[in-house]
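Participant:
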Amino acid sequence: MAAQNRRDFLKTMGIIGVTAAGFSTSTTKAQEKFKLSEDRIGVLVDTTVCIGCRNCEWACKKVHDLPAGSLEEYNDRSVFENKRRPDEHALTVVNEFENPDNVLLPVDVKVQCMHCEEPACVSACIVNAYTKHPEGPVTWDSDKCIGCRYCMVACPWQIPAFEYDKAIQPNIMKCDFCYDRQQEGKLPACVEICPEEALIFGKRRDLIEIARQKIKREPDRYVDHILGENEVGGTSWLYLAGQNFSKLDFPKLGTDPAPGVTEKIQHGIFAYFIPPISLYALLGGIMWINRGKSKSKEV
Amino acid sequence: MEYYMNPAPVKKVKFLTRGVMILILLVINAFVFLAIRFFGGLGAMTNLDNQHPWGIWIAIDVACGVALAAGGFTSAALGHIIHKEEYKVILRPALLTAMLGYTFVALGVFVDLGRYYFIWHPLIYWNGSSPLFEVGICVMTYVTVLYIEFIPIVTERFIGKVNLKGIFASLNKMIDSLLRFLDRGLAKTMFIFIIAGIVLSTLHQSSLGTLMVIAGPKMHPLWQTPILPLLFLLSAIAVGFPMIIFESLIAARSLGLKPEMKVLSGLGRMMGPMLGIYFAFKLGDMLIRGTFVYLTEVNTQSIMFVIEVVVGVIIPMRMFFSEKVLNSRLWLFVASALTVLGVFLNRINNFLVAYSPPYAFKSYFPSVGEISVTVGFIALLVLLYRVIVMNFPVISLPDKKKLPMVKYAIKGGEQ
Amino acid sequence: MKITLKILFVILLSAASVFPQQKKNTKHSMLNIDCKTCHACQYPTTDDPCLKSCPRLKMVTVYRSPDEAPAITVLNELENKYEPVVFPHRLHAQMSEISGGCITCHHYNTLGPVLPCKRCHSTERKREDVSKPDLMGAYHQQCLTCHRQWSHKTECVSCHKPKVKGKKLNIEQKILSYKQKKHPQIKEPTRIIFETEYKKGKIVTFYHNEHTKLFGLKCVNCHKEENCLRCHDVKNASNQNPAYYDTPVKIHLPKDQHHKICMKCHRENNCSFCHKNKVSETFDHGLRTGWKLNRFHKDLSCKQCHKHGNRFVKRPTACNSCHPDWKPGTFDHKITGLILDDNHSDIDCEDCHIDRDFSKKPTCNNCHDDKSFPKDKPGKED
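One line per chain: the protein sequences are A, B and C, in this order.
Terminal number for the first sequence in my numbering: 463, no gaps in between.
Terminal number for the second sequence in my numbering: 418, no gaps in between.
Terminal number for the third sequence in my numbering: 406, no gaps in between.
(1) Going by DSSP in three states, Gly-372 of chain B sits in which element: helix, strand or coil?
(2) Can a CB atom of chain B be found closer than 8 Å to the CB of Gly-448 of chain A?
(3) Just the Cα atoms here: how many angstroms apart are Pro-44 of chain C and Val-84 of chain C?
(4) I'd like the list of long-range same chain contacts for Arg-313 of chain A, defined as Cβ closer than 6 Å, with 5 residues on each side in sequence excluded.
(5) Please list the residues of the region 256-269 of chain A that have a C-beta atom closer than 7 Å to any C-beta atom in chain C, keeping them in chain order.
(6) Would you say Arg-118 of chain B reaches chain A, if we count a Cβ-Cβ gap shorter than 8 Å as a contact?
(7) In whole angstroms, give me the CA-to-CA distance for Ile-317 of chain B and Gly-287 of chain B.
(8) Taking the CB atoms as reference points, tell me whether Ala-66 of chain B and Leu-189 of chain B lie closer together than 8 Å.
(9) Determine the direct distance from the alpha carbon of Leu-400 of chain B to that of Glu-89 of chain B, and round the result to whole angstroms.
(10) Classify Asp-251 of chain A as buried or exposed, calling it buried when 16 or more other Cβ atoms lie within 10 Å of its own Cβ.
(11) Find the nearest neighbour of Gln-407 of chain A within the set A:Asn-239, A:Asp-203, A:Thr-211, judged by alpha-carbon distance.
(12) For Leu-253 of chain C, would you say it is in contact with chain A, using Cβ-to-Cβ distances shorter than 8 Å as the test?
(13) Assign Leu-412 of chain A to buried or exposed, taking buried as 16 or more other Cβ atoms, counted over all protein chains shown, within 10 Å of its Cβ.
(14) I want to know whether the region 219-235 of chain B touches the region 352-368 of chain B - three or more CB-CB distances under 8 Å.
(15) Identify every run of the alpha helix (DSSP H) within the region 322-380 of chain C, keeping only runs that are complete inside it and at least 4 residues long; order them along the chain.
(16) Around the Cβ of Cys-243 of chain C, are there at least 16 other Cβ atoms within 10 angstroms (buried) or fewer (exposed)?
(17) What is the rounded straight-line gap between the Cα of Pro-232 of chain B and the Cα of Gln-208 of chain B?
(18) How is the beta strand (DSSP E) around Phe-365 of chain A delimited, first residue to last?
(19) Where does the unbroken beta strand (DSSP E) through Val-98 of chain C begin, and where does it stop?
(20) According to DSSP, simplified to helix, strand and coil, what is Tyr-386 of chain A?
(21) Specify the secondary structure class of Glu-159 of chain B as computed by DSSP and reduced to three states.
(22) By the 10 Å Cβ neighbour count, where 16 or more other Cβ atoms means buried, how is Lys-274 of chain A classified, buried or exposed?
(23) How would you write the range of the alpha helix (DSSP H) that Arg-187 of chain B sits in, first residue to last?
(24) Please report how far the alpha carbon of Ile-63 of chain B lies from the alpha carbon of Pro-369 of chain B, in whole angstroms.
(25) Where Val-112 of chain B and Met-451 of chain A are concerned, what is the direct C-alpha to C-alpha distance, given to the nearest angstrom?
(26) Looking only at its chain, what residues have a beta carbon closer than 7 Å to the beta carbon of Ala-93 of chain C, apart from the 5 residues adjacent to it on each side?
(27) When the Cα atoms are used, what is the spatial distance from Asp-394 of chain C to Pro-386 of chain C?
(28) At what residues does the beta strand (DSSP E) containing Ile-227 of chain C begin and finish?
(29) Could you spell out where the beta strand (DSSP E) holding Lys-296 of chain A opens and where it closes?
(30) Short check: CB of Cys-62 of chain C to CB of Leu-75 of chain C, under 8 Å?
(31) Taking the beta carbon of Lys-296 of chain A as the centre, do at least 16 other beta carbons fall within 10 Å, making it buried, or is it exposed?
(32) Helix, strand or coil: which one does DSSP assign to Val-356 of chain B?
(33) Using CA atoms only, rank isn't needed, just tell me which of A:Pro-264, A:Asp-384, A:Leu-255 is closest to Lys-226 of chain A.
(34) Is it buried or exposed, Pro-264 of chain A, if we count other Cβ atoms within 10 angstroms and call 16 or more buried?
(35) Taking C-beta pairs closer than 7 Å, name the residues in chain C that Val-213 of chain A reaches, listed in chain order.
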């Protein structure tokens, strides 16, 4: 009886070991997808240039098949009385802030997904519904999503929104950097419509260089900080401003990638499945020893 | 020492009491709200919004559900791995609680998921870096393991007693042989599932803590720490036995049985050191990260933290060290209840109180619907527990007959 | 024949070497500008000026008189949805005289001709080099930075007429209407009372009309970085309120900027010259300098005596320091409006004008006990 059990035990261990090996290869594959292109794109938002015309809001809705209304409706500046956030009805919004240096030139700040270099949503998503493309954009796949909303918990910029009013197939809504348009060789809708070119579309490394030049050239105009250059490991969207970013409602974030600690823990626990298997073996061992004791006692 | 094991269906009590009626009403109430949720979407009846994506369905149904069902794996470790024979009497009730608890977790997740019909997606779309994926897979597997562990109780109840009427009568023999086959098969392989159950529990109890680590600065520093997974695991281990004590005492009272005070105070004796370890880590973490400075501010977070630690950890810890408490049915109950409350608060704090997202237009408080559904699920849980203990051999009744020891407690006392 | 060839060769050679170096270039190389501001290489030539790409770190000053500027430019590079914008260029050039100059818009210009925007700004939004905005962005950044400050509007139609099918905008008519347009006369304040933070003298009274009319200052002398919004901000109530100038106003610029403007002329280190505890009176030559202006001098502009630019240096008070031909014997007293009678025409000036101080009224009691000026006059008025 005892021998029989020991054989079963070893057999099972073997099977689990093989499955674990298969699992661990698939986890290493997941890490490879974070290889980013050297030429990855981004957008530099110069908040000192933005005039708050909100044309980008309209263009974004048009392109994403959201009810947009007419462009003229966006001339209404009373919306600036409240601070708004991107949500399931608008993937980007512009907020207006007072300018301490010149009350007549308020600061307008467009908000949308920052398209992090190491996105928390991609790391957190239970079913891999998010993709960080080597070109920069972070997109979401409706076919996989189960609507758990963990991405919304994880996002350090508080961007993904959820269609709470939909009973069936509610979507996670966030800026997709017009990935489809970019594949067709077009610009993101907001960049294309911006009358001021406050949204500068280009390669991320060029944009950082341009931003540095701007700061150097006009040190009175800009604070010496490119938001998104290093925040949470860097983002595709970068911001310049004339005042501290915390005054423009940006969260104060460190330079560590948002998923860093979590992934360290996860990969620690699951380092090639060694810790769980060891625990299994250990428990098995203890059980085996104790079992023998009680058996002899029983007999 | 002479211990006996004779789990049997509790037959003496009437099923429909006034309390049971109330529970049934609560369940019906929950289903009314669930209808709204499934026809109108989550927004129709919850207070969730884009700033607060997770509410009590995750904090209570899932996080607390998982933590409070920890009795299943701690008792299994005690009874099967360390092989303390004297505690085998609690194994079946603990298993049942765990099984129902995890079912409750699954139900909670199911209603909370925006696309509940895709709940199986994690099985095919894997993301190794997601702690939620790990929790999901572990919980799914563990629920299966728990059900498998429960099968012997079913086989014990029905082997030789399958007696379907009418046209199904012809199936009786087949079902009976199936049950016998299962019983035999499981007898040999049960240890695999028992160990797997413990490993899976360790993994997902801790990963449940990892869940909130990624929220980073959105979480109050009193709770946000890289050792959250360890704290979650330690607190889960610590709450396992108090939960068993808590529920044994309630069940005993409700079902009119005499509680196994010897066993329960034995469990209670282990609690002091266990809570001590948990408290030491929590305190050490606070000292190392210097987060005690936040205790000087008086706000919801700091008050909740103090309540959680003082009422939920320090007081019960002190109580469990006292012989008087361990031997008193009432005080043991109080100490256990406080520990359970402490962990319950800890999970709520971690998932709701500590979570203060930027840009929140309003703070989150659960809606009537959310509370109704959670309460209704708990009521359903209690009802199912009652139904099962009254029909299956789960609770050991004080029996004059002494029965020989069994191979596995899980297999039951049948020979 | 050989000689002619030689001469031709020399001419060609000199032409080749001289021609590329146009006059302007040699001129601007003499200016006090670091060549590296614009040129990337050591020896730029006309063929290869090796200009640094814009936007450069520094700008060079470009000044052209508004009269040289084109009156109207029609911006029609980007017409697909809207009619072209008729831009009254000269009007803006004139306004720029008191606010930053040409450089406000024509940034990073070379010292040569003023370049049109599209010379540097691409018409393509999708392009390789995004270091400077595309043309649409450039235009809008220039116009809206000012225009939205007073209109507080960002509607497209405030500048662009939407295209209507089958109807064409009459550009000629539009141009004509702009050509006639002039900035309306600016209402000049007479007096501005500034309330300062200087404790010993809070009030500074500034007589604006004196500075322009009496002291002959031009707007640009003081108003250099002026913002159109000083008047054009419709949201600013003070722009609608004429009482603005007579109630004390808080200083609107940083202290040192205010001082900079005034102290270009007022170089005294004397704070109390401007800072008083109460509103001061208009400028009084007698009170300020102790030399009261008589009725002849009163009507003169300051510059007629104080000829040295904007500085009002103390002039000698003797008449012949300004009137060199006024000498005893030749002076015709008639010029003062009083023809001396025969009794007085031959006496010494000092007999009546004590100490030859002609600013004081003459004394009669040196000779006459019972007479006094101006009741009694030594002659007859002209």
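Cβ atoms here follow ideal geometry from the backbone N, Cα and C, with glycine treated the same way.
Predicted, not measured: the structure shown is a model, and the values here were computed from it.
Facilitator: Working from what's here:
(1) What you label residue 372 of chain B is simply residue 369 of the second sequence in a count that begins at 1. In this structure, Gly-372 of chain B counts as helix in the three-state DSSP scheme.
(2) Within the first sequence, the letter at position 284 stands for residue 448 of chain A. The C-beta of Gly-448 of chain A comes closer than 8 Å to at least one C-beta of chain B.
(3) Counting from 1 along the third sequence, the entry for residue 44 of chain C is found at position 20. Counting from 1 along the third sequence, the entry for residue 84 of chain C is found at position 60. For Pro-44 of chain C, the predicted structure reports a pLDDT of 41, less than 50, and the residue's modelled location is therefore unreliable. A value from the coordinates is still provided. Rounded to whole angstroms, Pro-44 of chain C to Val-84 of chain C spans 22 Å at the Cα level.
(4) As a first step, residue 313 of chain A must be located in the first sequence, where it is residue number 149. If the five residues before and after Arg-313 of chain A are omitted, its C-beta is found closer than 6 Å to the C-beta atoms of Phe-326, all from its own chain and listed in chain order.
(5) Leu-268, Leu-269
(6) Your numbering for residue 118 of chain B matches position 115 in the second sequence. True, the Cβ-Cβ gap to chain A drops below 8 Å.
(7) In the second sequence, residue 317 of chain B corresponds to position 314, counting from 1. In the second sequence, residue 287 of chain B corresponds to position 284, counting from 1. Going from the Cα of Ile-317 of chain B to the Cα of Gly-287 of chain B covers about 14 Å.
(8) Counting from 1 along the second sequence, the entry for residue 66 of chain B is found at position 63. Counting from 1 along the second sequence, the entry for residue 189 of chain B is found at position 186. Not closer than 8 Å, so no.
(9) The residue given as residue 89 of chain B occupies position 86 in the second sequence. The residue given as residue 400 of chain B occupies position 397 in the second sequence. Each residue's alpha carbon lies about 15 Å from the other.
(10) Residue mapping note: residue 251 of chain A aligns to position 87 of the first sequence, counting from 1. Buried, since its Cβ has 16 or more Cβ neighbours within 10 Å.
(11) Within the first sequence, the letter at position 243 stands for residue 407 of chain A. Selected option, being the one with the closest Cα: A:Thr-211.
(12) The count along the third sequence starts at 1 and reaches residue 253 of chain C at position 229. So yes, Leu-253 of chain C belongs to the interface.
(13) Locating residue 412 of chain A in the first sequence gives position 248, where the first residue counts as 1. Label assigned to Leu-412 of chain A: buried.
(14) Proximity of the region 219-235 of chain B to the region 352-368 of chain B meets the contact definition, three or more beta-carbon pairs being nearer than 8 Å.
(15) 326-329, 343-346, 366-369, 373-376
(16) The sequence position of residue 243 of chain C within the third sequence is 219, counting from 1. Result: exposed.
(17) Residue mapping note: residue 232 of chain B aligns to position 229 of the second sequence, counting from 1. Residue mapping note: residue 208 of chain B aligns to position 205 of the second sequence, counting from 1. If you take the alpha carbons of Pro-232 of chain B and Gln-208 of chain B, they lie about 8 Å apart.
(18) Your numbering for residue 365 of chain A matches position 201 in the first sequence. Segment 363-367, the beta strand (DSSP E) holding Phe-365 of chain A.
(19) In the third sequence, residue 98 of chain C corresponds to position 74, counting from 1. Residues 97-99.
(20) Here residue 386 of chain A corresponds to residue number 222 of the first sequence, with the count starting at 1. If DSSP states are grouped into helix, strand and coil, Tyr-386 of chain A belongs with coil.
(21) Here residue 159 of chain B is taken as the residue at index 156 of the second sequence, counted from 1. The DSSP-derived three-state label of Glu-159 of chain B is helix.
(22) Counted from its first residue, the first sequence places residue 274 of chain A at position 110. Burial call: buried.
(23) Here residue 187 of chain B is taken as the residue at index 184 of the second sequence, counted from 1. 175-216 is the extent of the alpha helix (DSSP H) around Arg-187 of chain B.
(24) Along the second sequence, one-based indexing puts residue 63 of chain B at 60. Along the second sequence, one-based indexing puts residue 369 of chain B at 366. Those two C-alpha atoms are separated by around 11 Å.
(25) What you label residue 112 of chain B is simply residue 109 of the second sequence in a count that begins at 1. What you label residue 451 of chain A is simply residue 287 of the first sequence in a count that begins at 1. Roughly 33 Å separates the two Cα atoms.
(26) Residue 93 of chain C sits at position 69 when you count from the first residue of the third sequence. Contacts found: His-113, Arg-114, Ala-117.
(27) For the purposes of this step, residue 394 of chain C is identified with residue 370 of the third sequence, where counting begins at 1. For the purposes of this step, residue 386 of chain C is identified with residue 362 of the third sequence, where counting begins at 1. Asp-394 of chain C and Pro-386 of chain C have their C-alpha atoms roughly 14 Å apart.
(28) Residue 227 of chain C sits at position 203 when you count from the first residue of the third sequence. Here the beta strand (DSSP E) through Ile-227 of chain C covers 227-231.
(29) In the first sequence, counting from the first residue as 1, residue 296 of chain A sits at position 132. Taken as a continuous stretch (DSSP letters only), the beta strand (DSSP E) holding Lys-296 of chain A covers 294-296.
(30) Taking the first residue of the third sequence as position 1, residue 62 of chain C is located at position 38. Taking the first residue of the third sequence as position 1, residue 75 of chain C is located at position 51. Yes, the Cβ-Cβ distance between Cys-62 of chain C and Leu-75 of chain C is below 8 Å.
(31) Numbered from 1 along the first sequence, position 132 holds the residue referred to as residue 296 of chain A. Here Lys-296 of chain A is buried. Its C-beta has 16 or more other C-beta atoms within 10 Å.
(32) Working through the second sequence from its first residue, we reach residue 356 of chain B at position 353. Residue state, collapsed to three classes: helix.
(33) Here residue 226 of chain A is taken as the residue at index 62 of the first sequence, counted from 1. Of the listed residues, the one whose Cα sits closest to Lys-226 of chain A is A:Leu-255.
(34) Numbered from 1 along the first sequence, position 100 holds the residue referred to as residue 264 of chain A. Pro-264 of chain A comes out exposed.
(35) Within the first sequence, the letter at position 49 stands for residue 213 of chain A. Within 7 Å Cβ-Cβ: Gln-165.
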